[in-house]
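Below is one structure, written out as structure tokens; comments come after it.
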Amino acid sequence: MMKNMDIDDQEALRVAHLMASHGYFFPIDDHCLTVKNDNTFYRFQTPYFWPSNCWEPENTDY
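According to the numbering used here, the sequence shown is numbered sequentially starting from 2.
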């Protein structure tokens, strides 16, 4: 984000934290949905399960 937009570290972390808290991506090793400025790996959620699709997933979908 910092490379393509004119934003600083704090703003990029805030946007990333909001995206993670809404379920668009999540950390691989940690169960906490916060974004840290370290070398933690993150995985994007499959677009089928994005919250913006406005549906309730069932347990069988996962």
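Don't be surprised by glycine CBs; every beta carbon is placed ideally from N, CA and C. Please read all numbers here as calculations on a predicted model, not as lab measurements.
Extent of the continuous beta strand (DSSP E) run through residue i
i: PHE26; result: 26-28
Simplified DSSP state of residue i, which is helix, strand or coil
i: PHE45; result: strand
i: ASN5; result: coil
i: ASN60; result: helix
i: ASN54; result: helix
Unbroken alpha helix (DSSP H) run spanning residue i, endpoints
i: MET20; result: 10-22
Three or more C-beta pairs below 8 angstroms linking the region 28-39 and the region 48-59: Between the region 28-39 and the region 48-59 there are fewer than three C-beta pairs closer than 8 angstroms, too few to call the two in contact.
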